[in-house]
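Let me begin by presenting the structure, written as structure tokens, before commenting on it.
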Amino acid sequence: METVEMNSVSLKRPRSEDDVANADEIKRQKISEKSKTGNDSGQSVETVTDQPDKSLLEDTKNEIIPNEESEEQEDEELEDSDEDGDPESFADMMKHGLTESDVGITKFVSSHKGFSGILKERYSDFVVHEIGKDGRVSHLDDFSVPVDDEDPSEETFTVLSDEDKQRLEELQLLKNKETSVAIEVIEDTKEKRTVIHQAVKSLFPGLETKTEDRDGKKYIIAYHAAGKKALANPRKHSWPKSRGSYCHFVLYKENKDTMDAINVLSKFLRVKPNIFSYMGTKDKRAITVQEIAVLRITAQRLAHLNKCLMNFKLGNFSYKNHPLKLGELQGNHFTVVLRNITGTDDQIEQAMHSLREIGFINYYGMQRFGTTAVPTYQIGRAILQNNWNEVMDLILKPRPGAEKGYLVKCREEWAKTKDPAAALKKLPVKRCVEGQLLRGLLKYGMKNIISAFGIIPRNNRLMYIHSYQSYVWNNMVSKRIEEYGLRAVPGDLTLKGATAVHIEEGDVDNYTIHDVVMPLPGFDVIYPKHKIGEAYKEMLVADNLDINNMRHKIRDYSLSGAYRKIIIRPQNVNWEVVAYDDPRIPLFTTDLDKLEGKPLPVLPTDGKFRALKMEFSLPPSTYATMAIREVLKMDTSIKKQTQLNTTWLR
Numbered sequence: 006m007e008t009v010e011m012n013s014v015s016l017k018r019p020r021s022e023d024d025v026a027n028a029d030e031i032k033r034q035k036i037s038e039k040s041k042t043g044n045d046s047g048q049s050v051e052t053v054t055d056q057p058d059k060s061l062l063e064d065t066k067n068e069i070i071p072n073e074e075s076e077e078q079e080d081e082e083l084e085d086s087d088e089d090g091d092p093e094s095f096a097d098m099m100k101h102g103l104t105e106s107d108v109g110i111t112k113f114v115s116s117h118k119g120f121s122g123i124l125k126e127r128y129s130d131f132v133v134h135e136i137g138k139d140g141r142v143s144h145l146d147d148f149s150v151p152v153d154d155e156d157p158s159e160e161t162f163t164v165l166s167d168e169d170k171q172r173l174e175e176l177q178l179l180k181n182k183e184t185s186v187a188i189e190v191i192e193d194t195k196e197k198r199t200v201i202h203q204a205v206k207s208l209f210p211g212l213e214t215k216t217e218d219r220d221g222k223k224y225i226i227a228y229h230a231a232g233k234k235a236l237a238n239p240r241k242h243s244w245p246k247s248r249g250s251y252c253h254f255v256l257y258k259e260n261k262d263t264m265d266a267i268n269v270l271s272k273f274l275r276v277k278p279n280i281f282s283y284m285g286t287k288d289k290r291a292i293t294v295q296e297i298a299v300l301r302i303t304a305q306r307l308a309h310l311n312k313c314l315m316n317f318k319l320g321n322f323s324y325k326n327h328p329l330k331l332g333e334l335q336g337n338h339f340t341v342v343l344r345n346i347t348g349t350d351d352q353i354e355q356a357m358h359s360l361r362e363i364g365f366i367n368y369y370g371m372q373r374f375g376t377t378a379v380p381t382y383q384i385g386r387a388i389l390q391n392n393w394n395e396v397m398d399l400i401l402k403p404r405p406g407a408e409k410g411y412l413v414k415c416r417e418e419w420a421k422t423k424d425p426a427a428a429l430k431k432l433p434v435k436r437c438v439e440g441q442l443l444r445g446l447l448k449y450g451m452k453n454i455i456s457a458f459g460i461i462p463r464n465n466r467l468m469y470i471h472s473y474q475s476y477v478w479n480n481m482v483s484k485r486i487e488e489y490g491l492r493a494v495p496g497d498l499t500l501k502g503a504t505a506v507h508i509e510e511g512d513v514d515n516y517t518i519h520d521v522v523m524p525l526p527g528f529d530v531i532y533p534k535h536k537i538g539e540a541y542k543e544m545l546v547a548d549n550l551d552i553n554n555m556r557h558k559i560r561d562y563s564l565s566g567a568y569r570k571i572i573i574r575p576q577n578v579n580w581e582v583v584a585y586d587d588p589r590i591p592l593f594t595t596d597l598d599k600l601e602g603k604p605l606p607v608l609p610t611d612g613k614f615r616a617l618k619m620e621f622s623l624p625p626s627t628y629a630t631m632a633i634r635e636v637l638k639m640d641t642s643i644k645k646q647t648q649l650n651t652t653w654l655r
């Protein structure tokens, strides 16, 4: 579970005219990006961007389930058109959302007095660099392409006209009834014909070519070599045996999450998204730098995307013989700016020293639990209870809170008729969980909710039960810290290798709070031997669950459990307080700024505002916002922040 999380969180400051201008600038940037890429894939439900704990990854595949293209485009347009609402009405709706205390986040470890600041006022205030399994931090610092004699010439990318490319793409994607496309060779030479053959085969995987004479003219004929199957599988014979099958590259992206980015790349490359692999997903509202691997796509083709994609850059190309695996990373390095801080220099020093020396409580962050009045953990609990009518009702019933207009109408129709076909008619966006469940009910009937629910992609289904585990863990950790404080006590758990053992009375002085772990409930974990062990049982009994029987009759929903450290101490912690006047200017340079030779921002010595620039590294499974919460000592939930600043979403 790799976490890079949250949408914008404004911490306690009304927005100025400059801020509003800045927001308008960002909106224009978004619109420009959409028009350039033609894709801004979204979801109508809260998605979990962090990856499950390693024990929960056993059956989780690193895959993106592609949707039908026409449906996807329609969904994107509808979601985008309904994105921004009146800030006051949004604030009113968010009164029904969750606060930190609702999900067990109640304690702090530091003694300093909290202060306010603005997190993610600009998405560029939150920068994430992935740390690979070898400990190397990913940076975009090289646009060069590996030289390879097998690569096609540069002319390959320009020899086809836009009209030819359009016709070839339609043929490749089987969008028309044509079985072939003929391209006239205007300047007929063997070299020219060779370049056209190479261009078609390299730019449109799945197509083959041949040369034909027609009325005294030479034509290159493009056709499908193996029907629909050819599109899914890059041609083996076209890839040199001496070259690694996977092109690894660094993806630098702004304001787009990892899955959306891969969907955009796959559209431009005309390939299926599942040939990409990565070690972890990264948040949308941030600048993120991570490694991606793709099967049998040349660095040359990838580098050409830099000319046509906004808010993306690809570089640091290399060929290797292996893909990337989910969870293989060591963590992430964060560079964060908290703007307009109110804390004194002493408060800030105390807060940052505490973060570096003690750390923060390793809570699961708010985005783990959704944003509406029906938290994801409630659905997870109903799944574990085998209460499928409750699962269906929780997902589909009307609810107060911030939702798209078409979802509200769909829920109202469902409440009135309990007719999946009628409710679906109110729901133009079919990719959302609600639409998928309704289609399942239409296919399997109201008496087979289990099969209907199974239509939802597996990772989304597992998100619900993982959310329940996280809810239990947060609550139990708060109880543990309230009961025993920040010291190891007899009966606590610690890890010896991958095995959890109890800390005995005679050994307690050999351990600190940083050694203590607590379990996520499951059939393959043990529990503390003190009061908190009993508290786990009591909490699950109250939820009609048996802590000694966490196996589900449906294997996917059986929870083996996992262990998680209760306190995390960030590494490489550094900070600086800077003054600034203009909230629109960046306060540090990014990898792309450095590559483009942009100078460091010139900041005043005595500006109107102060910002806290902080850097730290976190292991997988930890939430950066929980570290920032410890510094500010403020509730990071959207509900609380919206009450403080009703225009945070702008």
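Taking this note's numbering, the leading residue of the sequence shown gets 6, the next gets one more, and so forth.
The beta carbon of each residue, even a glycine, is placed where N, CA and C say it ideally should be.
Fair warning: this is a prediction, and the values are worked out from it, not measured in the lab.
Q: Please list the segments of the beta strand (DSSP E) lying wholly inside the segment 571-603, counting only runs of 3 or more residues, in order along the chain.
A: Every unbroken stretch of the beta strand (DSSP E) spanning 3 or more residues and falling wholly within the segment 571-603 is given here in chain order: 576-585.
(Q) Can you tell me whether S642 is helix, strand or coil according to DSSP? (A) Position 637 of the sequence shown holds residue 642. S642 falls in the coil class under three-state DSSP.
(Q) Three or more C-beta pairs under 8 Å: does that hold for the segment 350-362 against the segment 423-433? (A) Touching, no, given that fewer than three Cβ pairs across the two stretches are closer than 8 Å.
Q: Compute the Euclidean distance between the alpha carbons of N465 and I226, then round it to the nearest angstrom.
A: Numbered from 1 along the sequence shown, position 460 holds the residue referred to as residue 465. Numbered from 1 along the sequence shown, position 221 holds the residue referred to as residue 226. Roughly 44 Å separates the two Cα atoms.
(Q) Under 8 Å, with one C-beta from each stretch per pair, do the segment 132-150 and the segment 291-311 reach the 3-pair mark? (A) Flag = yes, the segment 132-150 and the segment 291-311 touch.
**Q.** Short Cβ contact (8 Å threshold) for L208 with Y228
**A.** Reading the sequence shown from its first residue, position 203 is the one you call residue 208. Reading the sequence shown from its first residue, position 223 is the one you call residue 228. No. Outside cutoff.
**Q.** Buried/exposed call for A26, threshold 16 Cβ in 10 Å
**A.** Along the sequence shown, one-based indexing puts residue 26 at 21. Low local confidence applies: a pLDDT of 39 at A26 is under 50, so the model's placement there is unreliable, with the coordinate-based value given in what follows. It is exposed - the Cβ of A26 has fewer than 16 other Cβ atoms within 10 Å.
Q. Exposed or buried, K253, counting other C-beta atoms within 10 Å across all chains shown (16 or more means buried)?
A. On the sequence shown, position 248 is the one that residue 253 refers to. For the sequence presented, residue 253 should be read as His rather than Lys. By the Cβ-count criterion, H253 is buried, with 16 or more other Cβ atoms from all chains shown falling within 10 Å of its own Cβ.
**Q.** Between the CA atoms of K421 and L545 - distance to the nearest angstrom
**A.** On the sequence shown, position 540 is the one that residue 545 refers to. On the sequence shown, position 416 is the one that residue 421 refers to. Rounded to whole angstroms, L545 to K421 spans 34 Å at the Cα level.
Q) Mind checking whether L500 and V482 have CB atoms under 8 Å apart? A) By one-based count along the sequence shown, residue 500 stands at place 495. By one-based count along the sequence shown, residue 482 stands at place 477. No. Outside cutoff.
**Q.** Own chain partners of H144 with C-beta closer than 8 Å, once the 5 adjacent residues on each side are dropped
**A.** By 1-based counting over the sequence shown, the position of residue 144 is 139. If you ignore the 5 residues before and after H144, its C-beta comes within less than 8 Å of the C-beta of H134, V255, V294, N321, D596, all in its own chain and listed in chain order.
Q) If you count every other CB in all the chains shown that lies within 10 Å of the CB of F374, and 16 or more means buried, which is it? A) Position 369 of the sequence shown holds residue 374. Per the 10 Å Cβ criterion, buried.
Q. Looking only at C-alpha atoms, which of F113, L389, M468, Y489 sits nearest to D551?
A. Translated into the one-based positions of the sequence shown, residue 551 becomes position 546. With distances taken between Cα atoms, D551 lies closest to L389.
Q) Rounded to the nearest angstrom, how far is the Cβ of D561 from that of R463, given a contact under 8 Å? A) Looking up residue 561 in the sequence shown gives position 556. Looking up residue 463 in the sequence shown gives position 458. With a Cβ gap of about 7 Å, D561 and R463 count as contacting.
Q. Assuming K258 and N337 make a contact with CB atoms under 8 Å, what is their CB distance in whole Å?
A. Residue mapping note: residue 258 aligns to position 253 of the sequence shown, counting from 1. Residue mapping note: residue 337 aligns to position 332 of the sequence shown, counting from 1. Not really, about 14 Å apart at Cβ, beyond 8 Å.
Q.
So, with DSSP's three-state summary, where would you put E38?
A. Counting from 1 along the sequence shown, the entry for residue 38 is found at position 33. For E38, the predicted structure reports a pLDDT of 37, less than 50, and the residue's modelled location is therefore unreliable. A value from the coordinates is still provided. Correct three-state label for E38: helix.
**Q.** the segment 514-534 contacting the segment 471-479, beta-carbon criterion three pairs below 8 Å
**A.** Output reads yes: the segment 471-479 touches the segment 514-534.
Q.
Is it the case that the segment 604-615 contacts the segment 585-593, given that we only count it when at least three CB pairs across the two stretches are under 8 Å?
A. These segments touch.
**Q.** Coil, strand or helix - S282 by DSSP
**A.** Within the sequence shown, the letter at position 277 stands for residue 282. Three-state DSSP puts S282 in a strand.
Q.
With the cut-off set at 8 Å, would you say R198 and K223 are in Cβ contact?
A. Taking the sequence shown and counting its residues from 1, one reaches residue 198 at position 193. Taking the sequence shown and counting its residues from 1, one reaches residue 223 at position 218. Yes, the pair counts as a contact, with Cβ atoms nearer than the cut-off.
Q: Could you pull out every residue in the same chain whose Cβ sits closer than 7 Å to the Cβ of Y532, ignoring the five residues on either side in sequence?
A: For the purposes of this step, residue 532 is taken as residue 527 along the sequence shown, with counting starting at 1. Taken in chain order, the residues that qualify are P524, G538, Y541.
Q.
Whether or not the segment 118-129 and the segment 392-410 are in contact is what I'm after, with contact meaning three or more pairs of Cβ atoms, one per stretch, closer than 8 Å; do they touch?
A. With a cut-off of 8 Å on Cβ pairs, the segment 392-410 is not in contact with the segment 118-129, counting fewer than three such pairs.
Q) When the Cα of G122 is compared with those of A616, A426, T381, S565, which residue comes out closest? A) Stepping through the sequence shown from its first residue, residue 122 is reached at position 117. Each of A616, A426, T381, S565 was checked against the Cα of G122, and the nearest Cα belongs to A616.
(Q) Considering Cα atoms alone, identify which of T627, L637, K215, P588 is closest to L334. (A) Start at 1 with the first residue of the sequence shown, and residue 334 comes out as number 329. Among T627, L637, K215, P588, the Cα nearest to that of L334 is on T627.
Q.
Going by C-alpha to C-alpha distance, which of I267, R485, F281, G511 sits closest to I571?
A. Looking up residue 571 in the sequence shown gives position 566. Scanning I267, R485, F281, G511 for the CA closest to the CA of I571 turns up R485.
Q. When the Cα atoms are used, what is the spatial distance from E439 to D265?
A. Working through the sequence shown from its first residue, we reach residue 439 at position 434. Working through the sequence shown from its first residue, we reach residue 265 at position 260. Spanning the alpha carbons of E439 and D265 requires a straight line of approximately 20 Å.
Q) Touching or not, the segment 635-644 and the segment 103-115, by the rule of three or more beta carbon pairs under 8 Å? A) Of all C-beta pairs linking the segment 635-644 to the segment 103-115, three or more are shorter than 8 Å, placing the two stretches in contact.
Q | Per-residue burial, Q576 [other beta carbons within 10 Å of its own, 16 or more giving buried] | A | By 1-based counting over the sequence shown, the position of residue 576 is 571. So Q576 counts as exposed.
Q) What's the gap between the Cα of K125 and the Cα of D288? A) Translated into positions along the sequence shown, residue 125 becomes position 120. Translated into positions along the sequence shown, residue 288 becomes position 283. Spanning the two alpha carbons is a distance of roughly 12 Å.
Q: Within the segment 384-471, note down every full alpha helix (DSSP H) run reaching 4 residues or more, in order along the chain.
A: Qualifying alpha helix (DSSP H) stretches, in chain order: 393-401, 410-422, 425-430, 438-449, 454-458.
(Q) When you compare the CB positions of F339 and F621, do they come within less than 8 Å of one another, or not? (A) If you number the sequence shown from 1, residue 339 lands on position 334. If you number the sequence shown from 1, residue 621 lands on position 616. At a Cβ-Cβ threshold of 8 Å, F339 and F621 count as neighbours.
Q: Label A503 either buried or exposed according to how many other C-beta atoms from any shown protein chain fall within 10 Å of its C-beta, with 16 as the threshold for buried.
A: The residue given as residue 503 occupies position 498 in the sequence shown. By the neighbour-count rule (16 or more Cβ atoms within 10 Å), A503 is not buried but exposed.
Q: Check the C-beta distance from V578 over to R361 and give it rounded, since I have them as a contact under 8 Å.
A: The residue labelled residue 578 in the question sits at position 573 within the sequence shown. The residue labelled residue 361 in the question sits at position 356 within the sequence shown. Under the criterion of beta carbons closer than 8 Å, V578 and R361 qualify as touching, at roughly 4 Å.
Q: Count the other CB atoms, across all protein chains shown, that sit within 10 Å of the CB of V494; report buried if there are 16 or more and exposed otherwise.
A: Translated into positions along the sequence shown, residue 494 becomes position 489. Result: buried.
(Q) What ranges does the beta strand (DSSP E) occupy inside the segment 100-170, keeping only unbroken runs of at least 3 residues that lie completely in it? (A) Complete beta strand (DSSP E) runs here, min 3: 131-136.
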